[in-house]
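To convert, note that position 450 of the sequence shown is 450 in full-length UniProt numbering; the numbers rise steadily by one, no gaps. Idealized CB from N, CA, C, for every residue including glycine. All values reported here derive from a predicted model rather than from experimental measurement. Worksheet: the structure to be examined is printed underneath.
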Amino acid sequence: MEKNIKPPEQVKIFDTTLRDGEQTPGVSFSENVKIKIARQLDKLGVDIIEAGFPSSTEEERNTVRKISSLGLNSEICGLARIIKGDIDACIDADVDIVHLFVSTSDVQIKSTIKKDKDEILKISQDLVEYVKDHGIKCLFSAMDATRTDKDYLIEIYKTVEDVGVDIINVPDTVGISTPFKMYDLILEISSKIKVPIDVHCHNDFGLAIGNTIAAVLAGAKEVQVTINGIGERAGNASAAEVIMALHAIYGIKTNIKTKYLFETSKMVESFTGIKIPPNYPIVGNNAFSHESGIHAQGIIEDSRSFEPGIISPEMVGHRRRLVLGKHTGRHTVKKMLEEYGLYVDDNALKEITNIIKTLSEKGKKINDTELLAITESVIGSLPKEEQYIKIDEFSVMTGNKITPTAVLKAVVNNKIKIGANFGVGPVDAILKVIQEIIESNIRLKNFKINAITGGSDALAEVTIEVEDERGYNVTTTSAREDIVMASVDAYISAINHLMIKRKIDKNSNI
Ligand code: KIV
Ligand code: ZN
Numbered sequence: 001m002e003k004n005i006k007p008p009e010q011v012k013i014f015d016t017t018l019r020d021g022e023q024t025p026g027v028s029f030s031e032n033v034k035i036k037i038a039r040q041l042d043k044l045g046v047d048i049i050e051a052g053f054p055s056s057t058e059e060e061r062n063t064v065r066k067i068s069s070l071g072l073n074s075e076i077c078g079l080a081r082i083i084k085g086d087i088d089a090c091i092d093a094d095v096d097i098v099h100l101f102v103s104t105s106d107v108q109i110k111s112t113i114k115k116d117k118d119e120i121l122k123i124s125q126d127l128v129e130y131v132k133d134h135g136i137k138c139l140f141s142a143m144d145a146t147r148t149d150k151d152y153l154i155e156i157y158k159t160v161e162d163v164g165v166d167i168i169n170v171p172d173t174v175g176i177s178t179p180f181k182m183y184d185l186i187l188e189i190s191s192k193i194k195v196p197i198d199v200h201c202h203n204d205f206g207l208a209i210g211n212t213i214a215a216v217l218a219g220a221k222e223v224q225v226t227i228n229g230i231g232e233r234a235g236n237a238s239a240a241e242v243i244m245a246l247h248a249i250y251g252i253k254t255n256i257k258t259k260y261l262f263e264t265s266k267m268v269e270s271f272t273g274i275k276i277p278p279n280y281p282i283v284g285n286n287a288f289s290h291e292s293g294i295h296a297q298g299i300i301e302d303s304r305s306f307e308p309g310i311i312s313p314e315m316v317g318h319r320r321r322l323v324l325g326k327h328t329g330r331h332t333v334k335k336m337l338e339e340y341g342l343y344v345d346d347n348a349l350k351e352i353t354n355i356i357k358t359l360s361e362k363g364k365k366i367n368d369t370e371l372l373a374i375t376e377s378v379i380g381s382l383p384k385e386e387q388y389i390k391i392d393e394f395s396v397m398t399g400n401k402i403t404p405t406a407v408l409k410a411v412v413n414n415k416i417k418i419g420a421n422f423g424v425g426p427v428d429a430i431l432k433v434i435q436e437i438i439e440s441n442i443r444l445k446n447f448k449i450n451a452i453t454g455g456s457d458a459l460a461e462v463t464i465e466v467e468d469e470r471g472y473n474v475t476t477t478s479a480r481e482d483i484v485m486a487s488v489d490a491y492i493s494a495i496n497h498l499m500i501k502r503k504i505d506k507n508s509n510i
């Protein structure tokens with residue numbers, strides 16, 4: 001691998017979050033959401049947005065048409081089977097590119113299309129011509145290419161090339177390839193076919209990113225990806241990793257504005273409800289987080305010491321974070337207190353660090369509330385903090401014949417705000433009101449409730465994690481007899497602390 005061929009200098013990014021991504025079990029985007037994601041993908045700089053499968057429903061066709069009419073810089077693509085009606089639906093949806101696909105492996109031909117191979121060649125040829133006659137670009141996919149007989153695969157690509165297809169796609173539909181096999185396959189196809197090659201890799205063995213990159217190193221000029229790697233079964237090649245590996249490891253350019261990768265990932269996370277695991281590369285919460293004292297000390301000196309160095313959180317719109325735990329050292333505690341504008345002497349720092357380590361060893365997670373409480377217990381009272389939001393009064397109503405409702409009056413950023421909302425329960429209702437009146441993109445990331453004592457008067461401990469699209473993240477806890485009060489306390493405290501961090505940060509790198 002990586003021997004004889006010079007990879008392309010630049011690769012096009014074809015995003016299929018709105019098509020293959022929507023085939024993720026349990027995911028369905030409304031028209032509104034599809035439009036929001038399309039705008040974000042355009043802002044991110046993807047070359048092509050596969051907006052959907054226009055023939056699938058009338059609604060889908062209208063949505064794709066709306067996306068086509070947004071005047072985005074990205075080209076808009078629609079999916080079509082080798083059926084004239086599917087192409088007509090794409091034309092009707094005003095797409096720039098028709099993505100024509102057909103199964104070419106024996107197993108899929110037998111089980112799905114039930115046509116013989118010569119018929120498939122003929123129909124594909126006629127329909128590529130049909131697309132081209134309409135003056136529209138055509139991308140042709142031989143579905144299940146990696147399990148297709150090689151001679152037949154080349155034959156079908158040659159057939160569509162002869163009638164003017166613009167680009168061919170090599171889908172690894174069931175994620176069965178490996179980087180070595182993919183590299184060889186793309187080399188072989190490109191020795192026989194002149195049109196540009198695109199790849200579409202699924203992640204059944206966790207190899208989608210590796211296979212996609214191998215294809216590029218063998219000469220593929222376009223790659224199909226999805227945000228957060230969503231898609232059928234185990235998903236598709238994930239955009240952030242493919243793009244950053246191409247950029248940072250191989251020096252291969254794309255048109256992507258990488259600083260929007262994190263916010264795009266967050267947007268898709270919230271619209272799909274599929275949480276990004278913390279250890280997810282590039283955009284995961286821990287991608288630039290450090291707990292160990294040795295690592296944190298190194299990072300504070302020089303971020304290259306315990307990070308790849310060729311990427312930074314800023315490049316992808318993320319943030320570097322120090323995390324408290326049993327491996328924490330004084331450097332981390334000092335830095336975290338400084339994020340709150342707190343400066344303590346060496347003895348106090350040592351004592352705070354020891355308490356954190358002892359508590360963590362016993363399995364306690366130390367969040368922002370605890371860090372500040374421990375600091376206060378060591379140095380005495382902390383300076384009074386600025387309150388971005390201060391509650392004046394609120395009430396919640398709930399019962400068996402009433403939709404849980406909350407009303408709240410608060411001072412937000414020195415202005416009086418009043419809000420009301422419904423929820424599935426009183427806590428949901430009041431947190432929604434708070435979310436609305438803060439008019440900020442801080443969002444609730446995690447909500448956990450614990451009954452500390454037994455009985456109906458148990459102390460409820462609520463832990464809330466909030467974050468914003470810039471990667472600021474705060475976790476707070478509150479314990480009260482009243483679940484609603486505990487939730488409101490923890491939420492307000494988290495928002496106020498995040499605002500303090502934002503204010504104090506002022507371009508500090510950690
Ligand atoms: O996985 C696949 O083969 C596809 C095709 C439509 C390209 O999604
Ligand atoms: Zn697919």
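Requested in this report: With a 10 Å radius around its C-beta and 16 neighbouring C-beta atoms as the bar for buried, classify Ala410 as buried or exposed.
Outcome: buried
Requested in this report: Tell me, please, which residues DSSP counts as bridged to Arg321.
Outcome: Ser289
Report task. Spatial neighbours of Leu324 within its chain, please: CB distance less than 6 Å, with the 5 preceding and 5 following residues excluded, ordered by chain position. Result -> Ile356, Ile366
Query raised in the report: Along the chain, where does the beta strand (DSSP E) that runs through Asp133 open and close?
Result: Counting along the chain, Asp133 falls outside any beta strand (DSSP E), though it belongs to the alpha helix (DSSP H) covering 117-133.
Requested in this report: Could you tell me the boundaries of the alpha helix (DSSP H) in which Asn62 lies?
Outcome: 58-68
Query raised in the report: Based on Cα-Cα distance, which residue from Asp42, Glu467, Asp482 lies nearest to Ile500?
Result: Glu467
Query raised in the report: What are the boundary residues of the beta strand (DSSP E) that Arg147 is part of?
Result: Run containing Arg147: none; DSSP gives neither H nor E here.
Query raised in the report: Which partner residues does His200 have in the DSSP bridge list?
Result: Pro171, Gln224
Report task. Could you tell me if the beta carbon of Thr17 falls within a distance shorter than 7 Å of some heavy atom in the ligand ZN? Result -> no
Query raised in the report: Which stretch, first to last residue, makes up the alpha helix (DSSP H) that contains Lys181?
Result: 179-192
Query - Span of the alpha helix (DSSP H), counted from its first residue to its last, around Phe271 - result: 261-272
Query - Run of the beta strand (DSSP E) containing residue 512, from where it starts to where it stops - result: An answer regarding residue 512 cannot be provided, because it is not within the stretch 1 to 510 covered by the chain.
Query raised in the report: Is it right to say Asn169 is buried, meaning 16 or more other beta carbons lie within 10 angstroms of its own, or is it exposed?
Result: buried
Query raised in the report: How would you write the range of the beta strand (DSSP E) that Leu430 sits in, first residue to last?
Result: The amino acid occupying residue 430 in the given sequence is Ile; Leu does not appear at that position. First-last for Ile430: 426-437, but that is the alpha helix (DSSP H), not the beta strand (DSSP E).
**Report entry** Selected residue, minimal CA-CA separation from Leu372, among Phe394, Ser105, Val333
**Finding:** Val333
Query - Distance, Ser191 Cα to Arg317 Cα - result: The residue asked about is misnamed: residue 317 is Gly in this sequence, not Arg. If you take the alpha carbons of Gly317 and Ser191, they lie about 39 Å apart.
Requested in this report: Have a look at Ile256 and Val242 and give me their C-alpha separation to the nearest angstrom.
Outcome: 11 Å
**Report entry** For Thr405 and Ser493, believed in contact at Cβ under 8 Å, the rounded distance
**Finding:** No, Ser493 and Thr405 are not in contact; Cβ-Cβ is about 24 Å, not under 8 Å.
Requested in this report: Could you give the DSSP three-state label for Lys275: helix, strand or coil?
Outcome: coil
Query raised in the report: For the 8 Å Cβ check, are there 3 or more pairs between the segment 14-28 and the segment 140-150?
Result: no
Query raised in the report: Contact between the segment 88-97 and the segment 106-115: three or more CB pairs below 8 Å?
Result: no
Requested in this report: With a threshold of 7 Å, establish whether the CB of His202 neighbours any heavy atom of the ligand ZN.
Outcome: yes
Requested in this report: Determine the direct distance from the alpha carbon of Arg321 to that of Asn421, and round the result to whole angstroms.
Outcome: 34 Å
Query - Neighbour-count burial assignment, Asp198, 16 or more Cβ in a 10 Å radius - result: buried
Report task. Leaving aside the five residues before and after Pro8 along the sequence, list all residues of the same chain whose C-beta is less than 6 Å from its C-beta, in chain order. Result -> Lys221
Query raised in the report: For Ile416, does the three-state DSSP call read helix, strand or coil?
Result: strand
Query raised in the report: Buried or exposed: where does Tyr183 fall if 16 or more other Cβ atoms within 10 Å of its Cβ makes it buried?
Result: buried
**Report entry** Beta-carbon gap between Lys117 and Ile109 smaller than 8 Å
**Finding:** yes
Requested in this report: Consult DSSP for Ile391 and reduce its assignment to one of helix, strand or coil.
Outcome: strand
Query raised in the report: Anyone know if the C-beta pair for Thr146 and Ser124 falls short of 8 Å?
Result: no
Report task. For the alpha helix (DSSP H) holding Gly85, just list the boundary residues, first then last. Result -> 84-92
Query raised in the report: If you run the structure through DSSP and keep just helix, strand and coil, what is Asp15?
Result: strand
**Report entry** CB of Thr226 within 8 Å of CB of Ala239, strictly
**Finding:** yes
Query raised in the report: Can you find a heavy atom of the ligand ZN that lies under 7 Å from the Cβ of Glu232?
Result: yes
Query raised in the report: Among the residues of its own chain, which have a CB less than 6 Å from the CB of residue 593, if the five just before and after it don't count?
Result: For the chain, the structure presents residues 1 to 510; residue 593 sits outside this window and is missing.
Requested in this report: Measuring alpha carbon to alpha carbon, tell me which of Ile294, Ser292, Gly423 ends up nearest Val484.
Outcome: Gly423
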